[in-house]
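Here the sequence shown is numbered in the working numbering, starting from 1069 and rising by one per residue.
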Amino acid sequence: MSRPSALGTVALACCLACGLAGCAGTAGADDDGRVDVVVSSYPLEYVAEEIGGEHVDVANLTPPGGDTHGLEPSPQDVATLGEADVVVHVTGGLQAAVDEVVEQQQPEHLVDAAPLADLPGDPHFWLDPLRMAALGRDLADELGEIDPERAGEYAANADRLEESLAALDTRFAEELAPCRGATLVASHEAFGYLADRYGLHQVGVAGLDPHVEVSPARLRRAAAEVRDTGARTVFFEQAAGDDVARALADELGLATDVLHPIERVAEGDSYPELMEANLAALRAGLACAA
Ligand SMILES: [Zn+2]
1069 MSRPSALGTV ALACCLACGL AGCAGTAGAD DDGRVDVVVS SYPLEYVAEE IGGEHVDVAN
1129 LTPPGGDTHG LEPSPQDVAT LGEADVVVHV TGGLQAAVDE VVEQQQPEHL VDAAPLADLP
1189 GDPHFWLDPL RMAALGRDLA DELGEIDPER AGEYAANADR LEESLAALDT RFAEELAPCR
1249 GATLVASHEA FGYLADRYGL HQVGVAGLDP HVEVSPARLR RAAAEVRDTG ARTVFFEQAA
1309 GDDVARALAD ELGLATDVLH PIERVAEGDS YPELMEANLA ALRAGLACAA
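In structure tokens form, the structure reads like this:
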């Protein structure tokens, strides 16, 4: 007889846990009374913490500072997903390996942000504060189903989150109003939703997936697209380095500056702070009338 495989052990542990807790329809009320929320990236973690507060334990499959794109879940991650009361994920290829696990496990409670990521092929919906607010609403509804006693609290948290994100949206809209129509040049093409919301025109150099290497031909195309737009800055993602941005900036005589796609988020950084920093960088680096 061979030893049970790691995955077999995981499956067994899962079934035992289900047997003891009574899996059918009573998710949520585990020993500590908190709902186990598993999320696949930082922006989803932010929303889960804001909506669930002290009533949830949030586990993020992307560790602090880890890369969101192309996350490969470990056997432990697969087990964590299997034991979640609710899974929050954005399906559609940002993390294709997580898509597969979710597809296999068919979690009873899944909040999929894919409908909010409605630009073709572009998962980066979280860079639009109003789409983040909509995710908060969806998660509050789902948590209310799992934990009906606190449904009102989750809904109130969704209201509060929506208020703060709407205020952030208003600041972006007001402060970027003089920049309407400006070209936003980014090494990682993560800012499509932000550009759409605030009337900017994004030119991405490295594409939607930052792991795709930039060919000289792509760089030449980007240079041609940016030339004569009045763009002053090539924005890059600090964690990914500035090679691509620097090459384009040198070619066109532009400056470079950091714009955060809120993917590799260091411990202690938060969504509102990173968005505020993004707003300041855009104000300083875009070609604006005022
Ligand atoms: Zn990205």
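Backbone N, C-alpha and C fix where the C-beta goes; we use that ideal spot for every residue, glycine too.
* Residue nearest to residue 1133 in terms of C-alpha spacing, selected from 1334, 1121, 1210 -> Here residue 1133 refers to the residue found at position 65 when the sequence shown is read from its first residue. For the set 1334, 1121, 1210, the Cα lying nearest the Cα of residue 1133 is the one of 1334.
* Cβ distance (whole Å) where residue 1141 is taken to contact residue 1166 below 8 Å -> Here residue 1141 corresponds to residue number 73 of the sequence shown, with the count starting at 1. Here residue 1166 corresponds to residue number 98 of the sequence shown, with the count starting at 1. For a cut-off of 8 Å, the C-beta gap from residue 1141 to residue 1166 is around 6 Å, short enough to register as a contact.
* Over what stretch of residues does the beta strand (DSSP E) that includes residue 1272 continue unbroken? -> Residue numbering aside, residue 1272 sits at position 204 when the sequence shown is read from its first letter. 1269 to 1272 is the extent of the beta strand (DSSP E) around residue 1272.
* To do: Please report how far the alpha carbon of residue 1356 lies from the alpha carbon of residue 1330, in whole angstroms.
  => Here residue 1356 refers to the residue found at position 288 when the sequence shown is read from its first residue. Here residue 1330 refers to the residue found at position 262 when the sequence shown is read from its first residue. Straight-line spacing of the CA atoms in residue 1356 and residue 1330 works out to 24 Å.
* To do: Tell me where the beta strand (DSSP E) around residue 1139 begins and ends.
  => Position 71 of the sequence shown, counted from the start, is the residue given in the question as residue 1139. Element bounds for residue 1139: n/a, residue is neither H nor E.
* Using three-state DSSP, classify residue 1357 as helix, strand or coil. => Here residue 1357 is taken as the residue at index 289 of the sequence shown, counted from 1. Coil.
* **residue 1284 to residue 1303 span [Cα, whole Å]** => Within the sequence shown, the letter at position 216 stands for residue 1284. Within the sequence shown, the letter at position 235 stands for residue 1303. Taking the straight line joining both Cα atoms gives about 18 Å.
* **Endpoints, beta strand (DSSP E) assigned at residue 1304** => By one-based count along the sequence shown, residue 1304 stands at place 236. Here the beta strand (DSSP E) through residue 1304 covers 1301 to 1304.
* Heavy atoms of ligand 1 versus C-beta positions, residues under 6 Å -> Any residue whose Cβ sits closer than 6 Å to a heavy atom of ligand 1 makes the list: 1137, 1192, 1256, 1258, 1278, 1329, 1331.
* Asked: Going by C-alpha distance, which of 1255, 1279, 1280, 1116 is nearest residue 1273?
  -> Taking the sequence shown and counting its residues from 1, the one referred to as residue 1273 is at position 205. Answer by Cα proximity: 1255.
* Asked: Hey, quick one: how far does the beta strand (DSSP E) through residue 1105 stretch, first residue to last?
  -> As a working note, residue 1105 is residue 37 in the sequence shown. Membership of residue 1105 in the beta strand (DSSP E) is indicated by the continuous run 1103 to 1107.
* Asked: When DSSP labels each residue in this structure, what does residue 1093 get in the three-state scheme?
  -> For the purposes of this step, residue 1093 is identified with residue 25 of the sequence shown, where counting begins at 1. Note that residue 1093 has pLDDT 42, beneath the 50 cutoff, so the model's placement of it is unreliable and no number is given.
* List the residues that DSSP assigns as beta-bridge partners of residue 1159. => In the sequence shown, counting from the first residue as 1, residue 1159 sits at position 91. For residue 1159, which the question treats as bridged, DSSP gives no partner whatsoever.
* Is residue 1149 near ligand 2, in the sense that its beta carbon is under 6 Å from a heavy atom of that ligand? -> No copy of ligand 2 appears in this structure; the ligands present are ligand 1.
* Asked: Would you report the Cα separation of residue 1275 and residue 1258, rounded to the nearest angstrom?
  -> Start at 1 with the first residue of the sequence shown, and residue 1275 comes out as number 207. Start at 1 with the first residue of the sequence shown, and residue 1258 comes out as number 190. Roughly 8 Å separates the two Cα atoms.
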